[in-house]
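So in the numbering used here, spot 87 of the sequence shown is number 133, and the numbers just go up one at a time. We put the beta carbon where it would ideally sit given N, CA and C, even for glycine. Everything below concerns the one structure shown next.
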Amino acid sequence: MGALDYIANFCTVTSTKSKRKPMQTVEIKVKMDCDGCERRVKHAVTAMRGVKSVEINRKQSRVTVTGYVEANKVLKRVKSTGKRAEFWPYIPQNLVYYPYATGAYDKRAPAGFVRNVVQAFPATTNAATVSTTGIAPEEQFMSFFNDDNVHACSIM
């Protein structure tokens with residue numbers, strides 16, 4: 047049977063079908079002023095192969111595309127409508143340590159969102175400090191004057 051299997055491998059047709067793209071969600075910031083702009087962007091994106099759903103929030107200037115698509119191709123398709131578009135640059139404000147840091151706060155951002163910049167997050171903590179105390183340095187300072195700290199009155 048080994049020889050037959052060896053010969054069968056030469057006779058079989060191998061599929062050249064490429065791997066399927068992974069399911070992902072792409073968020074894009076697009077300036078839309080009217081229903082026509084919204085309809086044009088939605089029609090352009092839904093016509094793409096692999097798109098499962100398109101959600102448009104005109105108040106936030108946000109387009110959310112879910113499906114088996116590549117993010118760069120979706121962005122290119124949205125830009126082909128003549129609209130200025132970029133990947134969604136904002137993250138929820140409650141995920142950021144320093145929402146008013148330089149570059150993070152943006153007046154044009156939707157309510158409850160800030161820009162995703164490095165300055166909004168704490169600097170990388172020293173592994174030795176965290177490993178010995180088990181607490182990050184920022185949290186140590188916060189607990190100095192905490193009601194749960196039994197030594198707080200001696201500090202005050």
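Outcome for residue i when other beta-carbon atoms lying within 10 angstroms are tallied against a minimum of 16
i    : result
I102 : buried
A54  : exposed
A173 : Because the pLDDT of A173 is 49, which lies under 50, any placement of that residue in the model is unreliable, and the number read from its coordinates should be weighed accordingly. The residue in question, A173, is exposed, as its Cβ has fewer than 16 Cβ neighbours within 10 Å.
T175 : A caution first: T175 carries a pLDDT of 48, below 50, which makes its placement in the model unreliable, though a value can still be read off. Exposed is the call here.
Proximity winner among the options, relative to residue i (alpha-carbon distances)
i    : options                : result
F133 : V111, N140, L141, A150 : V111
V163 : S126, A155, A150       : A150
A155 : I137, T148, A147       : I137
K77  : V124, Y144, V120       : V124
K75  : G82, Q106, A49, D81    : Q106
Bridge partner(s) assigned by DSSP for residue i
i    : result
T110 : E73, E101
I137 : V160
Limits of the unbroken alpha helix (DSSP H) element including residue i
i    : result
A131 : Here A131 belongs to no alpha helix (DSSP H); instead the beta strand (DSSP E) covers 131-133.
T92  : 81-92
Beta carbon of residue i nearer than 8 Å to that of residue j
i    : j    : result
K65  : Y114 : no
K129 : V97  : no
A131 : P145 : no
A117 : V72  : yes
A90  : T127 : yes
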